[in-house]
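Undergrad: Provided herewith is a single structure, encoded as structure tokens, for subsequent inquiry.
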Amino acid sequence: MDSGDFALQRYDARFQIGHGKWAQILSEQLGQRIISLSRQIVIHVHVVQC
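Position in the sequence shown counted from 1, then plus 29, gives you the numbering used here.
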């Protein structure tokens, strides 16, 4: 195992950790966006029905 493989493995591990954090952040933002969108849809439907 040469130093290049070791560096690549370390980079890959760091990337996976960073990717996990990004996925968590993105999923939280997406969840909030879906909630706000669903509220807007409910309000819109309510206004249309009245």
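Where a beta carbon is used, it is the ideal one built from N, C-alpha and C, also for glycine.
1. Give every residue of the same chain whose Cβ lies closer than 6 Å to the Cβ of His-73, excluding the five residues on either side of it in the sequence, and list them in chain order.
2. If we ignore side chains and look at the alpha-carbon of each, how far apart do Ile-54 and Phe-35 end up?
3. Under three-state DSSP, which class holds Asp-31?
TA: Judging by the given coordinates:
1. Within the sequence shown, residue 73 is the residue found at index 44, counting from 1. Hits under 6 Å: none found.
2. Taking the sequence shown and counting its residues from 1, the one referred to as residue 54 is at position 25. Taking the sequence shown and counting its residues from 1, the one referred to as residue 35 is at position 6. Looking at the two C-alpha atoms, the distance is approximately 29 Å.
3. Your numbering for residue 31 matches position 2 in the sequence shown. Three-state result, Asp-31: coil.
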